[in-house]
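*Asks:* Quick mapping for you: the protein sequence lines, in order, are chains A and B. Residue numbers for the first sequence follow our numbering, beginning at 1 and rising by one. Residue numbers for the second sequence follow our numbering, beginning at 1 and rising by one. We put the beta carbon where it would ideally sit given N, CA and C, even for glycine. Structure below; questions to follow.
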Amino acid sequence: MDLSTLDRTPPHVALGVGGRIFRTILTAGGSPLSYGTLGVGQMANKIDKHMLGVRAQDFHEGLKEVASYGPKEVHLKNTLLIGKAATLAAHLRGLNAVEDHEALAYLAADLGISGLELDRVLRELETVDFATIKKNGDTIKRIELRIPELREGYEELGNRWEELHPSEVERAAVEMLHDVAAVPRPKEDLQRSSGLDTKNFELVLSIGSTGALMETYEDDDGEPLIYSPLTVEENPRPLIELARKFPSDDVVLALNAVRNEQGLPEGIGAANNNPVIIEAVLSGVLAPVRIQTAQGERRFFFAPRGQIPASEKVILDKARAILACVRSGQHFADYRKIFNPAALLRKLRREKTFSYSRPDYPEQYGLLVSKQIAIIDPDTSRDGFFHFHLLDTDENIKALDLAIGLLEVGDASTAHTSDAQVFLGIAGSYAGAPATRTRMAKFVKRSKTASRHVVTTISKLLRGVVA
Amino acid sequence: MSSGDRDLGLKLRMRRILWAQGFYCPVEVDLSHYEYEQRQLMRQSLTDIDVLGLRFDPDLRAQAVLVDCKSGRESDPARIFWLRGVMDFFHAEQGFFVKRKVHGHARALAPRLGIRVLDEDGLGHLERILRADAAFTAFVDETRYARMEGLWGIDVPEGSKPTAAQVRVKNVAHYLQYLYWMVDEYRNVQSVIEQFGLVARDLQGAGLREKFLAHVGLQRLSLSLLRLAGEVIGRNVRDVPAQVRGYIFGGPLLLREREALFAAVEKIVDAKLGGEALTLEPPYYPELVEVVNKLVQYAPDASQILRIEEAVLLCRVFGHDEPIEGLLGSKPTSDAIVLAKRVALLLQKAANLPETLFAELHAL
Numbered sequence: 001m002d003l004s005t006l007d008r009t010p011p012h013v014a015l016g017v018g019g020r021i022f023r024t025i026l027t028a029g030g031s032p033l034s035y036g037t038l039g040v041g042q043m044a045n046k047i048d049k050h051m052l053g054v055r056a057q058d059f060h061e062g063l064k065e066v067a068s069y070g071p072k073e074v075h076l077k078n079t080l081l082i083g084k085a086a087t088l089a090a091h092l093r094g095l096n097a098v099e100d101h102e103a104l105a106y107l108a109a110d111l112g113i114s115g116l117e118l119d120r121v122l123r124e125l126e127t128v129d130f131a132t133i134k135k136n137g138d139t140i141k142r143i144e145l146r147i148p149e150l151r152e153g154y155e156e157l158g159n160r161w162e163e164l165h166p167s168e169v170e171r172a173a174v175e176m177l178h179d180v181a182a183v184p185r186p187k188e189d190l191q192r193s194s195g196l197d198t199k200n201f202e203l204v205l206s207i208g209s210t211g212a213l214m215e216t217y218e219d220d221d222g223e224p225l226i227y228s229p230l231t232v233e234e235n236p237r238p239l240i241e242l243a244r245k246f247p248s249d250d251v252v253l254a255l256n257a258v259r260n261e262q263g264l265p266e267g268i269g270a271a272n273n274n275p276v277i278i279e280a281v282l283s284g285v286l287a288p289v290r291i292q293t294a295q296g297e298r299r300f301f302f303a304p305r306g307q308i309p310a311s312e313k314v315i316l317d318k319a320r321a322i323l324a325c326v327r328s329g330q331h332f333a334d335y336r337k338i339f340n341p342a343a344l345l346r347k348l349r350r351e352k353t354f355s356y357s358r359p360d361y362p363e364q365y366g367l368l369v370s371k372q373i374a375i376i377d378p379d380t381s382r383d384g385f386f387h388f389h390l391l392d393t394d395e396n397i398k399a400l401d402l403a404i405g406l407l408e409v410g411d412a413s414t415a416h417t418s419d420a421q422v423f424l425g426i427a428g429s430y431a432g433a434p435a436t437r438t439r440m441a442k443f444v445k446r447s448k449t450a451s452r453h454v455v456t457t458i459s460k461l462l463r464g465v466v467a
Numbered sequence: 001m002s003s004g005d006r007d008l009g010l011k012l013r014m015r016r017i018l019w020a021q022g023f024y025c026p027v028e029v030d031l032s033h034y035e036y037e038q039r040q041l042m043r044q045s046l047t048d049i050d051v052l053g054l055r056f057d058p059d060l061r062a063q064a065v066l067v068d069c070k071s072g073r074e075s076d077p078a079r080i081f082w083l084r085g086v087m088d089f090f091h092a093e094q095g096f097f098v099k100r101k102v103h104g105h106a107r108a109l110a111p112r113l114g115i116r117v118l119d120e121d122g123l124g125h126l127e128r129i130l131r132a133d134a135a136f137t138a139f140v141d142e143t144r145y146a147r148m149e150g151l152w153g154i155d156v157p158e159g160s161k162p163t164a165a166q167v168r169v170k171n172v173a174h175y176l177q178y179l180y181w182m183v184d185e186y187r188n189v190q191s192v193i194e195q196f197g198l199v200a201r202d203l204q205g206a207g208l209r210e211k212f213l214a215h216v217g218l219q220r221l222s223l224s225l226l227r228l229a230g231e232v233i234g235r236n237v238r239d240v241p242a243q244v245r246g247y248i249f250g251g252p253l254l255l256r257e258r259e260a261l262f263a264a265v266e267k268i269v270d271a272k273l274g275g276e277a278l279t280l281e282p283p284y285y286p287e288l289v290e291v292v293n294k295l296v297q298y299a300p301d302a303s304q305i306l307r308i309e310e311a312v313l314l315c316r317v318f319g320h321d322e323p324i325e326g327l328l329g330s331k332p333t334s335d336a337i338v339l340a341k342r343v344a345l346l347l348q349k350a351a352n353l354p355e356t357l358f359a360e361l362h363a364l
């Protein structure tokens with residue numbers, strides 16, 4: 001669908017399934033409509049174990065600079081503990097063992113984990129089987145690490161959060177953050193679905209606001225809405241307007257689709273004639289990157305990303321350009337489509353060039369030349385072919401790292417940079433965390449464990465296990 | 001290798017010589033052939049290997065050396081030709097023919113087949129220049145060796161029948177001793193784990209016999225994982241998960257076949273068992289891939305894990321709490337120790353084995 005021809009009249013709002021619509025908006029004619037409501041404790045955006053771990057880390061990252069604040073200590077102690085464990089794990093990921101406990105303490109302090117908290121956080125990593133602490137008497141001899149690198153690590157942490165029996169307030173806080181990170185919510189409805197009384201609800205909002213995780217926005221009608229700066233780049237209005245125009249479930253689904261596949265091309269998958277995505281692009285909620293290909297102009301969509309300092313906006317812009325170019329090669333290349341975008345970018349980071357010359361580099365990666373990220377030279381030994389070279393600057397490498405991170409995780413936690421290698425002086429891994437935003441890779445859960453004997457027996461046979 | 005054989009002294013000395021050069025020498029290596037007899041799969045012993053030496057380079061390229069030790073009246077040329085054949089079977093680049101006194105025409109023949117001959121003088125010379133004559137004594141401790149050998153397999157009093165549990169354990173020992181060396185290598189990673197999964201309950205006692213079996217199993221699994229990691233490094237280090245998947249399931253073609261088989265069987269199972277999922281990957285597969293990834297990343301340290309495991313077996317499990325540094329010649333790196341433990345944890349958790357089986361290793 002051509003976005004320029006789209007009718008931008010706000011659509012009538014359809015009721016969502018299962019009485020889960022919560023908003024009140026006006027039709028084009030201005031008649032008020034009332035909507036169904038979520039029940040007490042029913043959040044619009046269901047949170048799974050993986051995201052529990054991510055949101056716990058968000059709380060830690062948001063609140064780590066807040067030195068002493070009663071409500072967070074009293075009401076979020078489990079969440080912050082798991083958040084600290086997630087942050088430490090994310091930064092140690094790729095290492096095999098740590099023997100310099102003092103250096104680890106320095107690193108932890110930089111990550112907002114005090115010396116008094118470090119042992120407790122390490123014990124949590126032991127509990128989820130990410131580490132073993134070897135001691136000589138009372139002294140830590142070595143911390144042996146088993147932090148997953150090729151699959152997610154957040155699920156175990158989310159499970160552990162559940163095992164710690166978080167309080168009602170704590171649970172509501174995490175779910176509220178997850179909810180408004182997906183789409184802004186009217187304050188009144190958010191409180192109802194949280195199941196909290198006014199005192200505790202305001203307390204959670206206060207904690208969220210202190211950590212720049214949840215903010216209030218008042219629209220022209222004076223209705224307060226809660227949004228998360230985690231997923232709003234600057235002005236929350238476009239996202240709030242989008243949330244007003246479409247059922248919340250549709251907005252959540254559409255934005256999550258883009259978050260899960262950053263650089264989603266127009267016309268592909270969830271971006272194929274999706275009115276929510278089209279409106280999101282037009283209203284500025286989704287950031288499109290345009291690339292001119294042999295088949296015409298292509299647009300690639302990116303979900304909003306909050307909490308990026310102004311100084312790093314240019315890095316985000318470059319990362320999106322890199323990712324759009326790779327997506328173009330993945331979906332629209334005339335020959336030898338890109339099969340594994342993340343592997344390709346990791347190779348580019350390591351070797352600063354691609355192995356072979358190709359005829360389509362100018363059109364596929366021309367955008368990167370204009371953005372001072374790369375240069376493209378003619379292949380002197382092969383007419384019509386070109387070589388690609390990354391411009392090896394600090395900014396470009398950071399952008400490349402961020403692009404890899406966007407590919408692997410999409411919408412990641414708010415963990416800030418702190419390079420464990422600087423503190424520990426240990427070489428990282430090929431699959432190690434990007435330097436700019438360290439995070440755990442999302443693991444695609446393939447299947448459930450077959451439980452019956454016949455199934456396991458057949459499985460072994462088919463796998464080639466020797467009887 | 002048998003403690004009752006007259007070549008034992010030579011074999012243990014050769015193990016020590018190879019160990020001094022950085023090799024790892026697995027115990028209980030025998031080649032057998034299997035054929036149907038009276039509607040049963042029967043094992044026919046082909047030959048035993050006196051000493052097999054394996055060494056991994058820092059980039060996990062494997063080297064193998066085979067040793068044939070003889071003190072009887074067998075024809076030297078016949079043994080040398082036989083050794084060449086076994087070397088080819090094991091892809092061994094080098095072989096040693098060891099006999100206290102070697103005939104002249106054997107000395108002329110052996111080098112043409114890539115085999116070195118060693119007589120008593122040659123053995124003594126190697127021991128001196130490698131400083132192996134006084135060191136690494138655990139390797140030539142015949143008493144310790146006899147004790148280990150006596151605990152291999154199961155102990156059934158004469159006239160008694162083995163219990164069902166003993167038969168299960170015997171099958172695992174049988175697998176480690178014979179089948180492991182005969183089946184396609186890619187099948188061994190899963191098979192070792194699954195074999196131990198079948199006897200997890202029988203090993204709960206974690207006595208010395210059970211520990212011996214478990215440590216040999218751990219060494220076999222480590223060997224297979226190192227070979228797998230070496231393949232990954234040699235093929236495409238940038239995509240460990242895809243390389244592991246291709247290897248574990250027998251290569252791209254077999255992988256495709258197995259996927260198709262699973263899809264077909266899943267339909268049947270789905271219909272009959274109410275939608276229970278059937279997966280190609282075993283439950284421990286994600287951790288298996290993580291472990292291989294770590295072996296690839298820390299390949300120089302990974303190349304040492306078999307020697308650490310062997311040192312723990314000899315010094316801690318069968319020794320008197322002797323420091324492993326003495327046997328290894330130097331202090332192992334922390335990363336190598338952590339990797340050895342990680343493989344042990346993989347086996348332990350995937351097969352649901354008691355932690356105490358590897359207590360000596362985890363204590364490092």
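#1: Using 9 Å as the limit for Cβ to Cβ distance, is residue 11 of chain B near chain A?
#2: Extract the residue ranges of the alpha helix (DSSP H) inside the segment 191-227 of chain A, only unbroken runs of 4 or more that lie entirely within it.
#3: Counting only runs of 3+ residues fully inside the segment 231-297 of chain A, write out the beta strand (DSSP E) ranges in chain order.
#4: So residue 339 of chain B and residue 140 of chain B are in contact, right, with Cβ under 8 Å, and what is the actual spacing, rounded?
#5: Can you tell me whether residue 68 of chain B is buried or exposed, with buried defined as 16 or more other CB within 10 angstroms of its CB?
#6: For residue 364 of chain A, which beta-bridge partners are listed by DSSP?
#7: For residue 89 of chain B, which of helix, strand or coil comes out of DSSP?
#8: Given 8 Å as the limit, is there contact between the segment 165-178 of chain B and the segment 208-226 of chain B, that is, 3 or more CB pairs closer than that?
#9: Between B:56, B:40 and B:99, which lies nearest to residue 23 of chain B when the distance is taken from Cα to Cα?
#10: Are any of the Cβ atoms in chain A nearer than 9 Å to that of residue 170 of chain B?
#11: Would residue 117 of chain A and residue 84 of chain A qualify as a contact pair, given that the criterion is a beta-carbon distance under 9 Å?
#12: Inspect the CB distances between the segment 311-331 of chain B and the segment 189-196 of chain B and report whether three or more fall short of 8 Å.
#13: For residue 196 of chain A, which residues in the same chain have their Cβ closer than 8 Å to its Cβ, ignoring the five residues on either side in sequence?
#14: Could you round the C-beta distance between residue 320 of chain A and residue 265 of chain A to whole angstroms and report it? I think they count as a contact, below 8 Å.
#15: Does DSSP put residue 348 of chain B in a helix, a strand or coil?
#16: Cβ atoms of residue 322 of chain B and residue 138 of chain B: under 9 Å apart, would you say?
#17: State the DSSP-derived secondary structure class of residue 374 of chain A, mapped to helix, strand or coil.
#18: Please list the terminal residues of the continuous alpha helix (DSSP H) segment that includes residue 196 of chain B.
#19: If we count the other Cβ atoms within 10 Å of its Cβ and call it buried at 16 or more, is residue 297 of chain A buried or exposed?
#20: Got a sec: which bits of the segment 140-170 of chain A sit with their beta carbon under 7 Å from any beta carbon on chain B, in order along the chain?
#21: Within the continuous beta strand (DSSP E) that includes residue 94 of chain B, where are the two ends?
#22: Below 9 Å between beta carbons: does that hold for residue 177 of chain B and residue 306 of chain B?
#23: Relative to chain A, which residues along the segment 196-227 of chain B have a C-beta separation below 8 Å, given in chain order?
#24: Taking the alpha-carbon positions, what's the residue 406 of chain A to residue 396 of chain A distance?
#25: Of all the options B:312, B:47 and B:252, which has the alpha carbon lying nearest to the alpha carbon of residue 89 of chain B?
#26: Can you grab the Cα-Cα spacing for the pair residue 373 of chain B / residue 115 of chain A, in whole Å?
#27: Flag residue 168 of chain A as yes when its Cβ comes closer than 8 Å to any non-hydrogen atom of the ligand ATP, and as no otherwise.
#28: Give me the residue from A:110, A:304, A:356 and A:224 with the minimum Cα distance to residue 260 of chain A.
#29: With a threshold of 9 Å between beta carbons, is residue 338 of chain B in contact with chain A?
#30: If we define contact as Cβ-Cβ less than 9 Å, is residue 352 of chain B a contact residue for chain A?
#31: Rounded to a whole number of angstroms, what is the C-alpha to C-alpha distance between residue 97 of chain B and residue 310 of chain B?
#32: Does the segment 177-195 of chain A come within contact of the segment 215-232 of chain A, defined as at least 3 CB pairs closer than 8 Å?
#33: Strictly below 8 Å CB to CB, what residues from chain D border residue 35 of chain B?
#34: Determine, using beta carbons only, whether residue 294 of chain B comes closer than 9 Å to chain A.
#35: Please identify, using Cβ separations under 9 Å, the residues of the segment 211-237 of chain A that lie next to chain B, in order along the chain.
#36: Among A:110, A:90 and A:373, whose alpha-carbon lies nearest the alpha-carbon of residue 399 of chain A?
*Replies:* Taking the structure as given:
#1: no
#2: 198-210
#3: 287-293
#4: Wrong, their Cβ atoms sit about 28 Å apart, outside the cutoff.
#5: Under this definition residue 68 of chain B is a buried residue.
#6: Beta-bridge analysis with DSSP links residue 364 of chain A to no other residue.
#7: helix
#8: yes
#9: With respect to the C-alpha of residue 23 of chain B, the residue from B:56, B:40 and B:99 having the closest C-alpha is B:56.
#10: no
#11: yes
#12: no
#13: 168, 169, 172 and 204
#14: For a cut-off of 8 Å, the C-beta gap from residue 320 of chain A to residue 265 of chain A is around 13 Å, too long to register as a contact.
#15: helix
#16: yes
#17: strand
#18: 188-198
#19: exposed
#20: 142, 144, 146, 148, 149, 150 and 151
#21: 94-99
#22: With respect to the 9 Å criterion, residue 177 of chain B and residue 306 of chain B are not classified as neighbours on the basis of their beta carbons.
#23: The residues in question: there are none.
#24: 15 Å
#25: Considering only alpha carbons, the answer is B:47.
#26: Nothing about residue 373 of chain B can be reported from this structure: the residues present for chain B run from 1 to 364 only.
#27: Ligands are entirely absent from the displayed structure, and the ligand ATP is therefore not among its contents.
#28: Checked all of A:110, A:304, A:356 and A:224; the closest Cα to residue 260 of chain A is A:304.
#29: yes
#30: Not closer than 9 Å to any Cβ of chain A, the Cβ of residue 352 of chain B fails to qualify, so no.
#31: 24 Å
#32: yes
#33: Absent from the structure is chain D; the protein chains it does hold are A and B.
#34: yes
#35: none
#36: Among A:110, A:90 and A:373, the Cα nearest to that of residue 399 of chain A is on A:373.
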